[in-house]
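Start counting the sequence shown at 0; every next residue gets the next number (numbering that gives the first Met the number 0).
Take a look at the structure set out below.
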Amino acid sequence: MNFKNPAPFSPALGVIFHPRFPSELLADFSRRVEAAGFDELWLWDDCFLPGALTSAALALSATRKIKVGIGLLPATAYNPLFSAMELTTLARAFPGRILPGFGHGVGPWMAQIGALSRSSLKAVTETVTAVRHLLSGDAVTMQGEVVRLNQVQMQIVPECVPPLYVGAMREKTLRLAGRIGDGTILTGMSSPDYVRWAWAHIRAGLSDGGRSQHRVVAYLDVKVSPDGRLARDAACRSLAARLPWADVQIQTSGIGAEITDYLATHTREDVAQGMPDTWLDTFTASGTPEQVVASIERLAAAGVDSVAFQPLDGDPACLDEYIRYLMPLLRPDGWNG
């Protein structure tokens with residue numbers, strides 16, 4: 000098989016509803032996202048915060064056609080049967096509108112709740128494989144390292160089986176996502192160069208699994224204002240706080256050596272105050288509406304099928320900015336696919 004990055008195109012557009020946002024705002028937030036012409040709403044399943052599966056039910060019930068993604072359900076914490084049961088409910092009630100994703104989970108959190116696996120990679124492999132078979136109505140027997148099922152079978156299954164996404168950052172999980180997933184979810188700070196690097200590993204996984212269809216979703220920090228400098232300063236402060244741990248995104252960004260050298264000799268405050276514009280353009284979509292649209296187009300050209308706008312520092316008011324300043328440029332006819 001021959002795989003290649005998709006040609007430049009207009010990607011699907013999504014917005015993230017952060018779990019720190021008040022849950023009572025979710026229904027209205029979802030309706031506004033749909034009315035503005037977005038294609039997707041993405042939810043997170045972070046420990047100690049409101050859950051993504053019940054949030055997905057709220058969002059789907061409040062809207063008519065927008066798709067709702069979950070990124071991510073930690074594979075080490077979710078039993079495949081109960082995952083399949085919950086996803087069946089959503090997929091039958093809202094066919095074609097739920098996009099569930101599974102991932103490793105945050106290591107310290109998984110340890111804290113007693114769900115840390117010796118191999119989270121195997122946990123993702125076994126969980127996604129089992130959930131796929133269960134949603135298809137198969138009787139599943141699996142004696143894996145994490146998943147142990149004995150002739151487990153759903154009595155009712157979705158007529159429209161939802162695609163299963165895998166959250167991935169590094170080589171092994173990206174290849175796994177291509178091999179067993181219908182799509183890959185890339186975290187924030189995914190530069191165009193990183194996306195192209197990720198696609199190389201995803202394509203290898205597609206070849207391993209004999210698969211040809213795959214979709215990539217990328218989270219993207221988006222901050223927009225007619226005062227471009229104001230928006231970029233805000234993005235700069237947020238980015239400075241996360242640069243130290245974004246090793247793989249930095250290494251594959253095309254400016255990794257420059258960033259590594261600078262971080263070795265400067266404090267976070269130095270970085271926040273003196274960050275070059277090239278760093279912002281590499282890892283965020285920030286500035287004037289025109290600057291933000293250009294950043295989205297660069298990410299799409301790298302092979303992203305869906306760009307999920309990540310409100311800066313978990314600020315739900317960012318949605319107002321997206322609707323006012325970006326959607327007239329990105330969806331001038333108000334179309335929502």
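C-beta atoms are modelled at their ideal positions from N, C-alpha and C, and glycine is treated no differently.
Given the structure is predicted, the values throughout are model-derived calculations rather than measurements.
Just the Cα atoms here: how many angstroms apart are GLY104 and ALA34?
Taking the first residue of the sequence shown as 1, we reach residue 104 at position 105. Taking the first residue of the sequence shown as 1, we reach residue 34 at position 35. Using only the alpha carbons, I get a separation of about 32 Å.
Whose C-beta lies closer than 7 Å to the C-beta of ALA245 among residues of the same chain, with five residues either side of it excluded?
Locating residue 245 in the sequence shown gives position 246, counting from the first residue. Cβ within range, chain order: MET188.
With DSSP collapsed to three states, give me the class of SER305.
Indexing the sequence shown from 1 puts residue 305 at position 306. Note: SER305 maps to strand in three-state DSSP.
CA-CA distance, ASP192 and SER29?
Reading the sequence shown from its first residue, position 193 is the one you call residue 192. Reading the sequence shown from its first residue, position 30 is the one you call residue 29. Straight-line Cα distance between these residues: approximately 32 Å.
Reducing DSSP to helix, strand and coil, say where GLN150 ends up.
The sequence position of residue 150 within the sequence shown is 151, counting from 1. GLN150: strand per DSSP, three-state reduction.
Would DSSP call LYS3 helix, strand or coil?
By 1-based counting over the sequence shown, the position of residue 3 is 4. No answer about LYS3 holds up, because its pLDDT of 39 lies below 50 and its placement is not dependable.
Can you list, in chain order, the residues of its chain whose CB lies under 8 Å from that of GLY136, leaving out five sequence neighbours each side?
Counted from its first residue, the sequence shown places residue 136 at position 137. GLN152, MET153 and VAL156, listed in sequence order.
Specify whether the region 66–76 and the region 46–55 touch according to this definition: at least 3 beta carbon pairs, one from each stretch, less than 8 Å apart.
yes
Per the DSSP calculation, THR183 is bridged to which residue(s)?
Within the sequence shown, the letter at position 184 stands for residue 183. DSSP output for THR183 lists VAL165 and VAL215 as bridge partner(s).
Is it right to say ASP38 is buried, meaning 16 or more other beta carbons lie within 10 angstroms of its own, or is it exposed?
Within the sequence shown, the letter at position 39 stands for residue 38. Counting Cβ neighbours within 10 Å, ASP38 comes out buried, since at least 16 surround it.
Rounded separation between ARG91 and THR128 - CA only
Here the question's residue 91 lines up with position 92 in the sequence shown. Here the question's residue 128 lines up with position 129 in the sequence shown. Cα-Cα distance, rounded: 20 Å.
If you count every other CB in all the chains shown that lies within 10 Å of the CB of PHE81, and 16 or more means buried, which is it?
Looking up residue 81 in the sequence shown gives position 82. Result: exposed.
Sequence-distant residues of its chain with Cβ nearer than 6 Å to LYS222 (five each side left out)
Residue 222 sits at position 223 when you count from the first residue of the sequence shown. Here LYS222 has ALA230, ALA233, ALA234, SER285 and LEU311 as same chain residues with Cβ atoms under 6 Å from its own Cβ, once five neighbours each way along the sequence are excluded.
In whole angstroms, give me the CA-to-CA distance for PRO331 and ILE65.
Taking the first residue of the sequence shown as position 1, residue 331 is located at position 332. Taking the first residue of the sequence shown as position 1, residue 65 is located at position 66. If I take the Cα positions, the gap works out to 18 Å.
Alpha carbon to alpha carbon, what distance is there between LEU163 and LEU89?
Locating residue 89 in the sequence shown gives position 90, counting from the first residue. Locating residue 163 in the sequence shown gives position 164, counting from the first residue. Straight across, the Cα-Cα distance linking LEU89 with LEU163 is about 14 Å.
I want to see whether chain D comes within less than 7 Å of LEU173, judged by CB atoms only; does it?
In the structure shown, chain D does not exist; there is a single protein chain.
Bounding residues of the beta strand (DSSP E) (the contiguous stretch that carries PHE16):
Within the sequence shown, residue 16 is the residue found at index 17, counting from 1. First-last of the beta strand (DSSP E) with PHE16: 11–16.
Identified DSSP bridge partners for LYS66
In the sequence shown, residue 66 corresponds to position 67, counting from 1. Paired residues: GLU39.
Quick one: what does DSSP say GLY100 is sitting in, helix, strand or coil?
As a position in the sequence shown, residue 100 is number 101, starting the count at 1. Strand.
Exposure label - THR186; buried when at least 16 CB within 10 Å
Taking the first residue of the sequence shown as position 1, residue 186 is located at position 187. Per the 10 Å Cβ criterion, buried.
Nearest residue (CA-CA) to THR172, options GLU158, LYS121, LEU325 and GLY143
Indexing the sequence shown from 1 puts residue 172 at position 173. The candidate whose alpha carbon is nearest that of THR172 is LYS121.
Going by CA-CA distance only, name the one from ASP181, GLY177 and ALA55 that's closest to ALA203.
Numbered from its first residue, the sequence shown carries residue 203 at position 204. The option with the nearest alpha carbon to ALA203 is GLY177.
Roughly how many whole angstroms lie between the Cα atoms of PHE16 and TRP108?
For this step, residue 16 is matched to residue 17 along the sequence shown. For this step, residue 108 is matched to residue 109 along the sequence shown. Approximately 21 Å between the Cα atoms of the pair.
Host alpha helix (DSSP H) of VAL105 (start-end):
Residue mapping note: residue 105 aligns to position 106 of the sequence shown, counting from 1. Note, VAL105: premise wrong, no alpha helix (DSSP H); not H, not E.
Applying the 10 Å Cβ sphere with the 16-neighbour rule, what's the burial state of PRO21?
Residue numbering aside, residue 21 sits at position 22 when the sequence shown is read from its first letter. PRO21 is exposed by the Cβ-count criterion.
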